[in-house]
Each structure stands twice: as structure tokens, then as C-alpha cells.
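> First residue of the sequence shown: 0, per my numbering; consecutive thereafter. Quick reminder that beta carbons are idealized off the backbone N, C-alpha and C, glycines included.
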Amino acid sequence: MPHPAANPAHSVCVFCGSRTGNRPAYLRAAHETGAILAQHGWQLVYGAGDVGLMGEVARAAQEAGGRTFGVIPEHLFSREVGKRDLSTFVVTQTMHERKKVMFMNCDAIVVLPGGAGSLDEFFEVLTWRQIGLHEKPIFLVNVEGYWDPLLAVIERIIAEGFAAPSLRDFTIAVPDAAALQKALEETFA
């Protein structure tokens, strides 16, 4: 049952792996994230796959009665096993269109562990934030320190003069799904 005080208009875009990774904590964080979104009445916006962490987030949101908005490009439909039983299912022609549709339909961005695709998605929304195209919060769920090297790269970019110190303020690192829940509650209060 959705949280009674939740604003049903809130949507959270989750970028994450199409694989589960090597640690059980990654899958657990994906499951907890999907459940948290549903319990608060926040719509999940994600890549529409039914594999890896993506599939786990969506299944957990659905099991908890949440709304799901999936976006998948035609060329990944078979590879990521497009999940057709979502509340909203959108098929795009390109990866760029996928990211744009996901971004345009959310109020906040969450990045769980993932690979090159998740990094691409993260850096695109981070760049858009840096150049002033949006002010949506970007949360890195740093499960067991997974994103520590990425956070170090951001610090290195700033230290070497390739970005202003404000770059670090555009992402909020949280250690787990419970901390993410608190951060989202504060964001949407």
C-alpha cells in the first residue's frame, strides 16, 4: 500500500546494472529500492529490462503494488528481456532517446551499482546538471563502497582543474537503500 503522505506525482529514475554483480548486497539493494519506491507511492522509472538489478528493482516495485515506467530501445529488447507487464512500457529507437525519456519522466535520479551503461547514464545526467539543464538530485547508492572509485574520480577532476568544486555537490552518495529512502523523503517533503 502506498505511503499515505506520498505525492503520487513523484517519479524516481533508477539507473543500474543489467547484471546482478558478484555481491548479494547489490541484489538486496535493488530489491529494497524497488520496494521503497512503491511503499512511498513513488513511480519507478527505469530501463524496462527484466534482467540483473534492473529486473530486481522492477519486480520488487511491482510486488509492493508500485507503478513502473520502463523505457527500452528496440536493439536491447531481446538482450535485456523487455518487461512488458509494467504500468507504462515505452520502446525507443536509440539509447539516447531512452535516457531522454527516462530523464524527462522523473523528479530524482538514483544510480545503483552497474557497469558501463550505468556510468554512461550517470555522466549524462551529471553533465546536464553541470551545464544548468536541470536541478534534479542525483543519488549514488554506494553499496559496500562500490562507487568509491567513481567518487575519487570526481574529486580528481576537481583537483586537476577540469571542473569547479560544485561538481561534487551535484551527486549525493548514500551507503544503502535505507539511507536512500531518508534522502528521498527529505527531497520530496
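Can you tell me which residues form a DSSP beta bridge with Ile71?
Looking up residue 71 in the sequence shown gives position 72. Paired residues: Val90.
> May I have the straight-line CA-CA distance separating Cys15 from His95, to the nearest angstrom?
Within the sequence shown, numbered from 1, the residue matching residue 15 stands at position 16. Within the sequence shown, numbered from 1, the residue matching residue 95 stands at position 96. If I take the Cα positions, the gap works out to 16 Å.
> Flag this pair as touching only if the segment 96-108 and the segment 130-144 have three or more C-beta atom pairs under 8 Å; answer yes or no.
Flag = yes, the segment 96-108 and the segment 130-144 touch.
> Name the one or two DSSP bridge partners that Thr170 has.
Position 171 of the sequence shown, counted from the first residue, corresponds to residue 170. Answer by DSSP bridge pairing, in chain order: Ile137.
> Can you grab the Cα-Cα spacing for the pair Met53 / Ser17, in whole Å?
Here the question's residue 53 lines up with position 54 in the sequence shown. Here the question's residue 17 lines up with position 18 in the sequence shown. Their Cα atoms are separated by approximately 6 Å.
> When you compare only the Cα positions, how much space is there between Glu123 and Gln129?
Translated into the one-based positions of the sequence shown, residue 123 becomes position 124. Translated into the one-based positions of the sequence shown, residue 129 becomes position 130. For Glu123 and Gln129, the distance between alpha carbons rounds to 10 Å.
> What's the C-alpha gap between Gln180 and Gly33?
If you number the sequence shown from 1, residue 180 lands on position 181. If you number the sequence shown from 1, residue 33 lands on position 34. If you take the alpha carbons of Gln180 and Gly33, they lie about 11 Å apart.
> May I ask which residues mark the beginning and end of the alpha helix (DSSP H) holding Leu43?
In the sequence shown, residue 43 corresponds to position 44, counting from 1. That residue, Leu43, is in no alpha helix (DSSP H); its beta strand (DSSP E) goes 42-45.
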